[in-house]
Amino acid sequence: MGSSNKKKREKQKDFQKPKFKVGKDKPKASNFTDTSFKSKGEEICLSAEPPINPVGTHAVLAKLLPLISDSSTPVRSQLLKLFRELPAEEVRHSVEQAIMFIRAGMTHLSADISNDSLGVMEWILDVAENDLIVCPGGWVKTLNSFCAMMGWALTTPKAGWSSGSRSGLRAKDASTYARQIAMLSRFLEAGLRPEAEIPEDESEIWDNLYRIPQDSNAFEYLNLYGTRRDEEGEMYPSRDARQRVFERRFLEAVLKGTDQAKKEGGATGRAAAGLDKVLQDGMGEYESSTAMDTQDLLSLW
Numbered sequence: 001m002g003s004s005n006k007k008k009r010e011k012q013k014d015f016q017k018p019k020f021k022v023g024k025d026k027p028k029a030s031n032f033t034d035t036s037f038k039s040k041g042e043e044i045c046l047s048a049e050p051p052i053n054p055v056g057t058h059a060v061l062a063k064l065l066p067l068i069s070d071s072s073t074p075v076r077s078q079l080l081k082l083f084r085e086l087p088a089e090e091v092r093h094s095v096e097q098a099i100m101f102i103r104a105g106m107t108h109l110s111a112d113i114s115n116d117s118l119g120v121m122e123w124i125l126d127v128a129e130n131d132l133i134v135c136p137g138g139w140v141k142t143l144n145s146f147c148a149m150m151g152w153a154l155t156t157p158k159a160g161w162s163s164g165s166r167s168g169l170r171a172k173d174a175s176t177y178a179r180q181i182a183m184l185s186r187f188l189e190a191g192l193r194p195e196a197e198i199p200e201d202e203s204e205i206w207d208n209l210y211r212i213p214q215d216s217n218a219f220e221y222l223n224l225y226g227t228r229r230d231e232e233g234e235m236y237p238s239r240d241a242r243q244r245v246f247e248r249r250f251l252e253a254v255l256k257g258t259d260q261a262k263k264e265g266g267a268t269g270r271a272a273a274g275l276d277k278v279l280q281d282g283m284g285e286y287e288s289s290t291a292m293d294t295q296d297l298l299s300l301w
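Per our numbering, the sequence shown runs over residues 1 to 301.
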């Protein structure tokens, strides 16, 4: 009798609604798992300054450089801002690839693209001007692009004639023309600047002779495994070599263009005066040699 009443009371408990008191927590289920605890762990940094760009600047530039000639003006303006955020010490390893796209933008048929490419040229001169003037094609091909952009006729040494004087690839206003001349002045100033004298330190002499070079491709100028380069694609690591090829191929055209720009006055005339000063500082003491240079010897091959 007692056991049957006990069973009835237990069954009634299943259908009874529990009464809660104010301020008292709800009873927890039998299978409740407490998840209020917090786990602790140790984090070890790879370096004091972790890399912001995990893929590397070279890989980023390979995707961004073709956008220099993009038809969208906002894309080109934002691209230049992004270029200026890249670390300069990593950009210098991609100068040879960068200058090819910059030259293509400078000689583009669109005036807007050509003008915006001058901003990219200014950026590459800010971060790696020394690497630019010595890379393959960085000197002669870039000067060709400047002269073509401004419509300065070049003398052809082999044929013995020069193309007639003509206007540039497009109609240029004074501010654009002045900016082009100013950028050419800066490029020539970097290439014709007197080289710094190496201090006479005996230890540095032995280091240069026997220690492993720090550059990634220190003997690139020898072109041991690459295809044969012509005069335009050659490297000119010394000031004398750059002066020699500039005097033979570009000096006459640049002097004529500078004189014509001076006559226009205004911003163009001031920019031309600055270019004339750069030419005097860079080529004033240069004496042309009649000796046969390396390129003449290669042409006999």
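C-beta: ideal position from N, C-alpha, C; glycine also.
This structure is a prediction, so every number in the text was calculated from the model and none was measured.
Cβ-Cβ distances below 7 Å link Leu65 to Gln97, Ala98 and Phe101 in the same chain, with the five nearest sequence neighbours on each side left out; the list follows chain order.
Judged by beta-carbon spacing, Leu154 lies within the 8 Å limit of Phe250, meaning their Cβ atoms are closer than that value. Non-local beta-carbon contacts of Phe146 in its own chain, meaning distances under 6 Å to residues more than five positions away in sequence, involve Leu184 in chain order. In the structure shown, Trp206 adopts helical secondary structure according to DSSP, grouped into three states. Membership of His58 in the alpha helix (DSSP H) is indicated by the continuous run Thr57 to Leu64.
Only exposed fits Gln78, as fewer than 16 other CB atoms lie within 10 angstroms of its CB. When only Cα atoms are considered, Asp14 and Thr33 end up about 23 Å apart.
Looking at the backbone, the Cα of Val95 and that of Ser72 are separated by about 24 Å. Between Gly105 and Ser69, the beta carbon gap of about 5 Å places them in contact (Cβ cut-off 8 Å). Secondary structure note for Ile133: its alpha helix (DSSP H) is the uninterrupted segment Ala111 to Val134. Within the same chain, Trp123 come within 7 Å of Arg84 by CB-CB distance, once the 5 residues on both sides are set aside. Counted as a single uninterrupted DSSP element, the alpha helix (DSSP H) harbouring Leu79 occupies residues Thr73 to Glu85. The three-state reading of DSSP puts Asp281 in helix, counting H, G and I together. Membership of Arg244 in the alpha helix (DSSP H) is indicated by the continuous run Arg239 to Arg249. Here Val75 is near Leu67, since their CB atoms are less than 8 Å apart. Excluding five sequence positions before and after Ala267, the CB atoms of its chain that fall closer than 7 Å to its own CB belong to Ala174, Ser175 and Ala178, given in chain order.
In the three-state DSSP reduction, Ser30 falls in the coil class, being neither helix nor strand.
When the five nearest sequence neighbours on each side are left out, no beta carbon in the same chain lies closer than 6 Å to the beta carbon of Ser39. Following the DSSP letters along the chain, one finds Ile181 inside the alpha helix (DSSP H) bounded by residues Ala174 to Leu192.
The beta carbon of His58 lies closer than 8 Å to those of Glu90, His93 and Ser94 in the same chain, with the five residues before and after it left out. Ala261 and Glu234 have their C-alpha atoms roughly 30 Å apart. Burial state of Glu10 is exposed, judged by a 10 Å Cβ sphere holding fewer than 16 other Cβ atoms. Taken atom to atom, the span from the alpha-carbon of Ile133 to that of Glu189 is near 11 Å. Taking C-alpha positions only, Arg242 is separated from Arg193 by approximately 10 Å. Counting the other CB atoms within 10 Å of its CB gives Trp206 a total below 16, which places it among the exposed residues. For Leu143, the enclosing alpha helix (DSSP H) begins and ends at Val140 to Met150.
Cβ-Cβ distances below 8 Å link Thr107 to Ser114, Ser145, Ala148, Met149 and Leu169 in the same chain, with the five nearest sequence neighbours on each side left out; the list follows chain order.
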